[in-house]
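K.L.:
Residue numbers (the numbering used here), protein chains in the order written: chain Z, 2 to 162; chain E, 2 to 136.
We put the beta carbon where it would ideally sit given N, CA and C, even for glycine.
Only a predicted model underlies this, so the values are computations on that prediction, with no experimental measurement involved.
I am attaching a structure below and will ask some questions about it afterwards.
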């Protein structure tokens, strides 16, 4: 993740995101409905903030113009070399909500590394954990959301026992 | 509808089926909205032949999002102060997921909730906790 990313909060993105988590709560879709609720405006669903990946020009899990992509194409992978590991998995995710967010807000998202540690598991070999902390400030400089995520890289694919 | 402390007690629960026969289509939708296009979630060929998994599987964040729908339906819109989970098992196409909230503590103006989502076999796929404002 780039150290600093600008994330405009848009009503259409919120609508599409709500659809993608099976959520038909009209507070995510209908500004007139939302205006009559306690919140008073459309707001993002609680896990929306990780969609900051959309706005990160360097995000590595998005195919990019002119670059090879490691997913399948003519063959099972679009790159020749074998990927270094089975890839990172998401182990934990924690959000803290400090202030309301609404469409029209422009968030500045700063990313920093947290702790790193290792563990051995019977199902996937050596597990390498790393923590990432993201602060979301709005256009007024107010800290609105904090995200802490823990990623894990496994030595081999997780056994499905 | 938000929660009211006067009607709330420790041990209260709320449960919802948040996904039924989870489709690969929803995984594609989630990739599109979240921006996480990791082929492990949408690309069956890569996932089986290169990564060595039996099929694509859900983004952890999709399961957290589905679980979040149950949570906001329970505590009300804009009421969450904290929401965190651990991803304990993978979620696969065809899974049916049930999310449950259990009130574990009530303080002045807020409550703590334990959250868990299980699949059709009773296996927990995410577990965590949340804090919400209550009236």
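Buried or exposed, going by whether 16 or more other CB atoms sit within 10 Å of the CB of residue 32(Z)?
P.N.:
Position 31 of the first chain, counted from the first residue, corresponds to residue 32(Z). Label assigned to residue 32(Z): exposed.
K.L.:
From residue 127(Z) to residue 121(Z), what does the alpha carbon distance come to, in whole angstroms?
P.N.:
Along the first chain, read from residue 1 onward, the residue named residue 127(Z) stands at position 126. Along the first chain, read from residue 1 onward, the residue named residue 121(Z) stands at position 120. Distance between the alpha carbons of residue 127(Z) and residue 121(Z): 4 Å.
K.L.:
Quick one: using the 10 Å Cβ neighbour count with 16 as the cut-off for buried, is residue 1(Z) buried or exposed?
P.N.:
With chain Z covering only 2 through 162, there is no way to say anything about residue 1(Z).
K.L.:
Is the beta carbon of residue 47(E) less than 8 Å from the beta carbon of residue 101(Z)?
P.N.:
By one-based count along the second chain, residue 47(E) stands at place 46. By one-based count along the first chain, residue 101(Z) stands at place 100. Going by C-beta atoms, residue 47(E) is not nearer than 8 Å to residue 101(Z).
K.L.:
With DSSP as the reference, label residue 68(E) as helix, strand or coil.
P.N.:
Position 67 of the second chain holds residue 68(E). In the three-state DSSP reduction, residue 68(E) falls in the helix class (H, G or I).
K.L.:
Is the stretch 54-68 of chain E close to the stretch 14-33 of chain Z, with three or more CB pairs under 8 Å?
P.N.:
yes
K.L.:
Is there at least one Cβ from chain Z nearer than 8 Å to residue 113(E)'s Cβ?
P.N.:
Looking up residue 113(E) in the second chain gives position 112. Chain Z contact via Cβ: absent.
K.L.:
Let me check one thing: in DSSP terms, what residues is residue 97(Z) bridge-paired to?
P.N.:
Residue mapping note: residue 97(Z) aligns to position 96 of the first chain, counting from 1. In DSSP, residue 97(Z) forms a bridge with 147(Z) and 83(E).
K.L.:
I'd like to know whether the C-beta of residue 124(Z) is nearer than 8 Å to at least one C-beta of chain E.
P.N.:
Position 123 of the first chain, counted from the first residue, corresponds to residue 124(Z). Not an interface residue.
K.L.:
Can you grab the Cα-Cα spacing for the pair residue 29(E) / residue 7(E), in whole Å?
P.N.:
The residue given as residue 29(E) occupies position 28 in the second chain. The residue given as residue 7(E) occupies position 6 in the second chain. Distance between the alpha carbons of residue 29(E) and residue 7(E): 42 Å.
K.L.:
Going by alpha carbons, who is nearest to residue 102(E) out of 128(E), 24(E), 5(E) and 89(E)?
P.N.:
Residue numbering aside, residue 102(E) sits at position 101 when the second chain is read from its first letter. Closest by alpha carbon: 128(E).
K.L.:
On the CB-based measure, 16 or more other CB atoms within 10 Å of its CB, does residue 168(Z) come out buried or exposed?
P.N.:
This structure cannot speak to residue 168(Z), because chain Z is shown only from 2 to 162.
K.L.:
Chain Z beta carbons: is any one of them nearer than 8 Å to that of residue 35(E)?
P.N.:
Against the second chain, residue 35(E) aligns to sequence position 34. Answer yes: the Cβ-Cβ gap between residue 35(E) and chain Z drops below 8 Å somewhere.
K.L.:
Do the stretch 16-26 of chain E and the stretch 108-123 of chain Z meet, that is, are 3 or more Cβ pairs less than 8 Å apart?
P.N.:
no
K.L.:
Where DSSP assigns a beta bridge to residue 129(E), which residues make up the other side?
P.N.:
As a working mapping, residue 129(E) is identified with position 128 in the second chain. For residue 129(E), which the question treats as bridged, DSSP gives the partners 86(E) and 116(E).
K.L.:
Specify the secondary structure class of residue 135(Z) as computed by DSSP and reduced to three states.
P.N.:
Translated into the one-based positions of the first chain, residue 135(Z) becomes position 134. Note: residue 135(Z) maps to strand in three-state DSSP.
K.L.:
Along the stretch 65-84 of chain E, what residues have a CB closer than 8 Å to any CB found in chain Z?
P.N.:
Residues 65, 66, 67, 69, 70, 72, 73, 74, 77, 78, 79, 81, 82, 83 and 84.
K.L.:
Give the residues of chain Z in contact with residue 46(E), contact being defined as C-beta atoms less than 7 Å apart.
P.N.:
By one-based count along the second chain, residue 46(E) stands at place 45. Within 7 Å Cβ-Cβ: 73 and 77.
K.L.:
Within 10 angstroms of its Cβ, does residue 106(Z) collect 16 or more other Cβ (buried), or is it exposed?
P.N.:
For the purposes of this step, residue 106(Z) is identified with residue 105 of the first chain, where counting begins at 1. Buried.
K.L.:
Any residues in the stretch 93-118 of chain Z with a beta carbon nearer than 7 Å to a beta carbon of chain E? Which ones, in chain order?
P.N.:
93, 94, 95, 96, 97, 98 and 101
K.L.:
Compute the distance between the beta-carbons of residue 49(Z) and residue 7(Z), then report whether it is under 8 Å.
P.N.:
In the first chain, residue 49(Z) corresponds to position 48, counting from 1. In the first chain, residue 7(Z) corresponds to position 6, counting from 1. Taking 8 Å as the Cβ cut-off, residue 49(Z) and residue 7(Z) do not qualify as a contacting pair.
K.L.:
Is the beta carbon of residue 43(Z) sitting closer than 8 Å to the one on residue 66(Z)?
P.N.:
Here residue 43(Z) is taken as the residue at index 42 of the first chain, counted from 1. Here residue 66(Z) is taken as the residue at index 65 of the first chain, counted from 1. Contact flag unset, no.
K.L.:
Where does the unbroken beta strand (DSSP E) through residue 15(E) begin, and where does it stop?
P.N.:
For this step, residue 15(E) is matched to residue 14 along the second chain. 14-20 is the extent of the beta strand (DSSP E) around residue 15(E).
K.L.:
I'd like to check one pair, residue 89(E) with residue 126(E): are the Cβ atoms closer than 8 Å?
P.N.:
Sequence index remark: in the second chain, residue 126(E) carries index 125 (1-based). Sequence index remark: in the second chain, residue 89(E) carries index 88 (1-based). Cβ atoms of residue 126(E) and residue 89(E): closer than 8 Å.
K.L.:
Which residue or residues does DSSP assign as beta-bridge partners of residue 107(E)?
P.N.:
As a position in the second chain, residue 107(E) is number 106, starting the count at 1. The beta-bridge partner set that DSSP reports for residue 107(E) consists of 112(E).
K.L.:
Quick check: what's the CA-CA separation for residue 23(Z) versus residue 62(E)?
P.N.:
In the first chain, the residue the question calls residue 23(Z) occupies position 22. In the second chain, the residue the question calls residue 62(E) occupies position 61. The straight-line gap separating the alpha-carbon atoms of residue 23(Z) and residue 62(E) is approximately 13 Å.
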